[in-house]
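Colleague:
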Amino acid sequence: MLPILYKHQALGDDFFVDLADTKLGCYVADEEPKQCGLCRVGLTISELTEKLLTVQRLAPRVVIMVGMNDLLEGKNANNMILDLRKLIIELKSRNTRVTIITLIPSLS
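First residue of the sequence shown: 1, per full-length UniProt numbering; consecutive thereafter.
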């Protein structure tokens, strides 16, 4: 169930993997793609949903930050919204409390 961030299980992409490795003290192997729990470098929204289908245990509260790789791959915003809805539905079906976060864009 790692990494845990403020009593929430982190689910996401590159940023959470880096956070787990450098700030939370979680072990992140040097194998590519780097991953820790349900966080993986290069992870897309739909890949996270697929990964959840194989997971037996999930924390009662999760924090999600995913979607950057979808954007980098040129995915359509409407498809991203549909994928995010599927992800939320899957999490809610497990009675999981969901918090979605994003990075603040840089103005420089």
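Positions of the beta carbon are idealized from the N, C-alpha and C atoms, including for glycine.
Run through the DSSP bridge pairs and tell me what Gly12 is partnered with.
Modeller: Cys39 and Met65
Colleague: When you compare the CB positions of Pro3 and Gly37, do they come within less than 8 Å of one another, or not?
Modeller: yes
Colleague: Out of curiosity, what's the CA-to-CA distance linking Leu103 and Leu71?
Modeller: 14 Å
Colleague: How many angstroms separate the CA atom of Ile101 from the CA atom of Met65?
Modeller: 5 Å
Colleague: Please state if the CB of Val62 and the CB of Gln9 are separated by a distance shorter than 8 Å.
Modeller: yes
Colleague: Please tell me whether Asn69 and Leu43 are closer than 8 Å, where the distance is taken between their beta carbons.
Modeller: Yes, the Cβ-Cβ distance between Asn69 and Leu43 is below 8 Å.
Colleague: Compute the Euclidean distance between the alpha carbons of Asp21 and Val28, then round it to the nearest angstrom.
Modeller: 6 Å
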